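Student:
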Amino acid sequence: MKSTSIKRIAITTGGGDAPGLNAVIRASVVSALNKGWEVFGIREGYGGVLNPNEYPEGGLIPLTRSKVRGITHLGGTILGTSNKLNPLKCPVKQADGTVKEVDRSDDVVHELKRHGIEALIAVGGDGSLSIARELGLKGLKVVGVPKTIDNDLDKTVITFGFDTAVSFATACVDRLHSTAEAHQRVMVVEVMGRYAGWIALNTGVSTTVEAILIPEIPYDIQKITAKIEERYTQGARFAIVVVAEGAKPKGGTHSVVSKEVGRAERLGGRGETVAAEIQNATGRETRCVVLGHLLRGGTPTTFDRLISLRFGAAAVRALEEGRSGVMVALDPPTVRYVPLEEATSRMKSVPLDCDTVLTARDLGISFGD
Ligand code: F6P
Numbered sequence: 001m002k003s004t005s006i007k008r009i010a011i012t013t014g015g016g017d018a019p020g021l022n023a024v025i026r027a028s029v030v031s032a033l034n035k036g037w038e039v040f041g042i043r044e045g046y047g048g049v050l051n052p053n054e055y056p057e058g059g060l061i062p063l064t065r066s067k068v069r070g071i072t073h074l075g076g077t078i079l080g081t082s083n084k085l086n087p088l089k090c091p092v093k094q095a096d097g098t099v100k101e102v103d104r105s106d107d108v109v110h111e112l113k114r115h116g117i118e119a120l121i122a123v124g125g126d127g128s129l130s131i132a133r134e135l136g137l138k139g140l141k142v143v144g145v146p147k148t149i150d151n152d153l154d155k156t157v158i159t160f161g162f163d164t165a166v167s168f169a170t171a172c173v174d175r176l177h178s179t180a181e182a183h184q185r186v187m188v189v190e191v192m193g194r195y196a197g198w199i200a201l202n203t204g205v206s207t208t209v210e211a212i213l214i215p216e217i218p219y220d221i222q223k224i225t226a227k228i229e230e231r232y233t234q235g236a237r238f239a240i241v242v243v244a245e246g247a248k249p250k251g252g253t254h255s256v257v258s259k260e261v262g263r264a265e266r267l268g269g270r271g272e273t274v275a276a277e278i279q280n281a282t283g284r285e286t287r288c289v290v291l292g293h294l295l296r297g298g299t300p301t302t303f304d305r306l307i308s309l310r311f312g313a314a315a316v317r318a319l320e321e322g323r324s325g326v327m328v329a330l331d332p333p334t335v336r337y338v339p340l341e342e343a344t345s346r347m348k349s350v351p352l353d354c355d356t357v358l359t360a361r362d363l364g365i366s367f368g369d
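Each residue of the sequence shown is one higher than the one before, counting from 1 in my numbering.
1. Determine the closest residue to residue 168 out of 291, 307, 35, with distance taken between C-alpha atoms.
2. So does residue 237 have its beta carbon nearer than 7 angstroms to some heavy atom of the ligand F6P?
3. For residue 41, which three-state DSSP category applies?
4. List the DSSP bridge partners of residue 327.
5. Spell out the partners DSSP gives residue 153 in its beta bridges.
6. Is residue 108 helix, strand or coil by DSSP?
7. Assuming residue 171 and residue 149 make a contact with CB atoms under 8 angstroms, what is their CB distance in whole Å?
8. Would you tell me roughly how many angstroms separate the C-alpha atoms of residue 272 and residue 286, rounded to the nearest one?
9. In the DSSP assignment, find the unbroken beta strand (DSSP E) run with residue 90 in it and report its ends.
10. Unbroken beta strand (DSSP E) runs of length 3 or more, entirely within the stretch 217-269: which are they?
11. Cα separation between residue 289 and residue 243?
12. Identify every residue that forms a DSSP beta bridge with residue 100.
13. Does at least one heavy atom of the ligand F6P sit under 7 angstroms from the Cβ of residue 21?
14. What does the alpha-carbon distance come out to for the pair residue 66 and residue 152?
15. Using 8 angstroms as the threshold, is the stretch 77-96 in touch with the stretch 33-47, meaning 3 or more CB pairs across them?
16. Over what stretch of residues does the beta strand (DSSP E) that includes residue 316 continue unbroken?
17. Since residue 122 contacts residue 308 with CB under 8 angstroms, what's their CB separation in whole angstroms?
18. If you drop the 5 nearest sequence neighbours on each side, which residues of the same chain put their C-beta closer than 8 angstroms to that of residue 186?
19. Taking its Cβ as the centre, do 16 or more other Cβ atoms sit within 10 Å of residue 182, making it buried, or is it exposed?
20. Could you check how far apart the C-beta atoms of residue 68 and residue 196 are, in whole angstroms? I think they sit under 8 angstroms.
21. Considering only their Cβ atoms, is the gap separating residue 305 from residue 58 smaller than 8 angstroms?
22. Going by beta-carbon coordinates alone, are residue 337 and residue 318 separated by less than 8 angstroms?
23. Measuring from the CB of residue 356, is there a heavy atom of the ligand F6P at a distance below 7 angstroms?
24. Using CA coordinates, which residue listed in 352, 260, 328, 87 is at the minimum distance from residue 111?
25. With a floor of 4 residues, list each alpha helix (DSSP H) that falls wholly inside the stretch 179-210, ordered by position along the chain.
26. Any heavy atom of the ligand F6P inside 7 angstroms of the beta-carbon of residue 148?
27. For residue 356, which residues of its own chain have a beta-carbon under 8 angstroms away from its beta-carbon, when the five flanking residues on both sides are left out?
28. Give the single residue among 230, 250, 117, 311 whose Cα lies nearest to the Cα of residue 216.
29. Once DSSP output is grouped into helix, strand and coil, what is the label at residue 172?
30. Would you report the Cα separation of residue 92 and residue 177, rounded to the nearest angstrom?
31. Please state whether the Cβ-Cβ distance between residue 254 and residue 246 is less than 8 angstroms.
32. Keeping to the same chain, check which residues put their C-beta closer than 7 angstroms to that of residue 108; ignore five residues upstream and five downstream.
33. Look at residue 325 and residue 340 and say whether their C-beta atoms are less than 8 angstroms apart.
34. Residue 43: beta carbon under 7 angstroms from a heavy atom of the ligand F6P?
35. In the DSSP assignment, find the unbroken beta strand (DSSP E) run with residue 123 in it and report its ends.
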């Protein structure tokens with residue numbers, strides 16, 4: 001592998017935040033500083049380079065040792081993030097008042113090069129890594145780091161943030177048992193995950209709920225209500241159903257809250273719909289809890305901290321080795337590098353024959369199919 005003469009790099013964190021972002025930043029910065037490189041952090045995704053005037057202290061922050069001290073365990077990102085400023089589809093207001101998507105990726109590359117920045121570590125999910133791939137094609141050296149609580153990025157066994165989200169969701173469902181039992185209710189718990197059911201599946205199996213609804217397996221509500229009734233017949237006095245925000249009924253579509261120019265569509269509402277349908281069909285009092293953004297907060301689990309630190313350091317090693325256009329991927333017991341194109345060309349859905357799905361079925365958990 002050829003080695004490089006890089007002297008100055010930048011880091012960006014884009015898309016929805018996920019626990020572990022600060023650990024990636026710390027590991028990348030410390031590793032790079034130890035190689036004698038300078039590191040700059042771009043504010044709020046690409047905001048710091050596209051709209052520098054919005055940042056009185058500068059759109060690019062010099063990342064020194066003291067700036068990244070004591071941040072490994074913190075949620076969020078010290079750089080800020082954004083999921084509404086995609087350089088490939090920037091929302092720009094037209095003279096007639098309408099908003100159009102404009103490609104400003106050339107501006108990003110130009111602005112970074114103007115600051116003497118030769119390489120970029122892009123920490124993000126499918127959207128942010130697709131942007132990174134384009135910037136790479138335009139002459140910037142780029143290495144991606146796979147982030148998302150949804151775990152829907154292909155070519156890596158796991159993304160950081162996912163373990164923390166599932167751990168928290170599991171703790172929440174555990175807590176719902178007592179109130180559900182006390183009131184003899186059905187509790188429906190909606191979790192994030194976008195178009196993939198990883199969070200719902202792992203949470204639902206870990207807590208051995210009655211039913212798990214995921215986008216990969218369209219459900220029939222009658223199958224769910226039959227399962228709940230069967231449980232009550234067997235003497236149980238409560239039931240819990242975990243619903244992925246992207247779950248959809250057979251023949252139906254995702255439940256979309258809104259879609260704005262330049263942004264991904266927002267999902268939501270599926271849990272409430274399912275809860276209402278269960279209550280109507282069974283006559284049993286049903287409540288819905290939406291965990292939503294709570295899943296993105298808090299301190300990363302040890303697992304997430306460790307892979308975040310490993311990913312951050314590996315990204316710097318990749319640049320040192322002269323790699324570009326790649327994503328760091330977890331391939332236990334090690335990390336490897338995969339082309340960004342491969343990682344972003346399709347979403348990683350839950351395989352219907354994976355052993356976690358089989359385990360759920362073996363335990364009698366219904367998917368509503
Ligand atoms: O991709 C991460 C994620 O948290 C999804 O699970 C969810 O659909 C989405 O982001 C929510 O994004 P926002 O921050 O725009 O509400």
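Glycine included, every Cβ here is placed at the ideal spot set by N, Cα and C.
Nothing here was measured: the structure is a model prediction, and the numbers come from that model.
Tutor: If we stick to the structure as given:
1. Taking the first residue of the sequence shown as position 1, residue 168 is located at position 168. Of the candidates 291, 307, 35, the one whose C-alpha sits nearest the C-alpha of residue 168 is 291.
2. Position 237 of the sequence shown, counted from the first residue, corresponds to residue 237. Not so, every heavy atom of the ligand F6P lies at least 7 angstroms from the Cβ.
3. Locating residue 41 in the sequence shown gives position 41, counting from the first residue. Residue 41 falls in the strand class under three-state DSSP.
4. Against the sequence shown, residue 327 aligns to sequence position 327. Residue 327 pairs with 144, 338.
5. Position 153 of the sequence shown, counted from the start, is the residue given in the question as residue 153. Partner(s): 347.
6. Taking the first residue of the sequence shown as 1, we reach residue 108 at position 108. Residue state, collapsed to three classes: helix.
7. The residue given as residue 171 occupies position 171 in the sequence shown. The residue given as residue 149 occupies position 149 in the sequence shown. Residue 171 to residue 149, Cβ: 15 angstroms. No contact.
8. One-based indexing of the sequence shown puts residue 272 at position 272. One-based indexing of the sequence shown puts residue 286 at position 286. Roughly 10 angstroms separates the two Cα atoms.
9. The count along the sequence shown starts at 1 and reaches residue 90 at position 90. It spans 90-93 - the beta strand (DSSP E) in which residue 90 sits, taken as one unbroken run.
10. 239-244, 256-258
11. For the purposes of this step, residue 289 is taken as residue 289 along the sequence shown, with counting starting at 1. For the purposes of this step, residue 243 is taken as residue 243 along the sequence shown, with counting starting at 1. If you take the alpha carbons of residue 289 and residue 243, they lie about 10 angstroms apart.
12. Counting from one through the sequence shown, the residue named residue 100 turns up at place 100. Beta-bridge pairing links residue 100 to 92.
13. For the purposes of this step, residue 21 is identified with residue 21 of the sequence shown, where counting begins at 1. Residue 21: no, Cβ never under 7 angstroms from the ligand F6P.
14. Here residue 66 refers to the residue found at position 66 of the sequence shown. Here residue 152 refers to the residue found at position 152 of the sequence shown. Rounded to the nearest angstrom, the two C-alpha atoms are 34 angstroms apart.
15. yes
16. In the sequence shown, counting from the first residue as 1, residue 316 sits at position 316. It is not in any beta strand (DSSP E) - residue 316 instead sits in the alpha helix (DSSP H) that spans 302-320.
17. Along the sequence shown, one-based indexing puts residue 122 at 122. Along the sequence shown, one-based indexing puts residue 308 at 308. Residue 122 to residue 308, Cβ: 15 angstroms. No contact.
18. One-based indexing of the sequence shown puts residue 186 at position 186. The answer, listed in chain order, is 180, 228, 238, 239, 240, 241, 275, 278, 279, 282, 284, 285, 286, 287.
19. For this step, residue 182 is matched to residue 182 along the sequence shown. Flag for residue 182 reads exposed.
20. Stepping through the sequence shown from its first residue, residue 68 is reached at position 68. Stepping through the sequence shown from its first residue, residue 196 is reached at position 196. Contact flag wrong, Cβ pair sits at about 31 angstroms.
21. Your numbering for residue 58 matches position 58 in the sequence shown. Your numbering for residue 305 matches position 305 in the sequence shown. Not closer than 8 angstroms, so no.
22. Here residue 337 is taken as the residue at index 337 of the sequence shown, counted from 1. Here residue 318 is taken as the residue at index 318 of the sequence shown, counted from 1. Yes.
23. By one-based count along the sequence shown, residue 356 stands at place 356. Flag unset: Cβ of residue 356 not near the ligand F6P.
24. Residue 111 sits at position 111 when you count from the first residue of the sequence shown. If we check each option's Cα against that of residue 111, 87 comes out closest.
25. 198-206
26. Sequence index remark: in the sequence shown, residue 148 carries index 148 (1-based). True, at least one ligand heavy atom lies under 7 angstroms from that Cβ.
27. Working through the sequence shown from its first residue, we reach residue 356 at position 356. The residues are 201, 202, 205, 350.
28. Start at 1 with the first residue of the sequence shown, and residue 216 comes out as number 216. Selected option, being the one with the closest Cα: 250.
29. Counting from 1 along the sequence shown, the entry for residue 172 is found at position 172. Reduced to three states, the DSSP call for residue 172 is helix.
30. The residue given as residue 92 occupies position 92 in the sequence shown. The residue given as residue 177 occupies position 177 in the sequence shown. Taking the straight line joining both Cα atoms gives about 48 angstroms.
31. Here residue 254 refers to the residue found at position 254 when the sequence shown is read from its first residue. Here residue 246 refers to the residue found at position 246 when the sequence shown is read from its first residue. Yes.
32. Stepping through the sequence shown from its first residue, residue 108 is reached at position 108. Once the five neighbours on either side are set aside, the close Cβ partners of residue 108 are 46, 49, 50, 87, 135.
33. For this step, residue 325 is matched to residue 325 along the sequence shown. For this step, residue 340 is matched to residue 340 along the sequence shown. Contact: yes.
34. If you number the sequence shown from 1, residue 43 lands on position 43. No, the Cβ of residue 43 stays beyond 7 angstroms of every heavy atom of the ligand F6P.
35. Counted from its first residue, the sequence shown places residue 123 at position 123. Residues 119-124.
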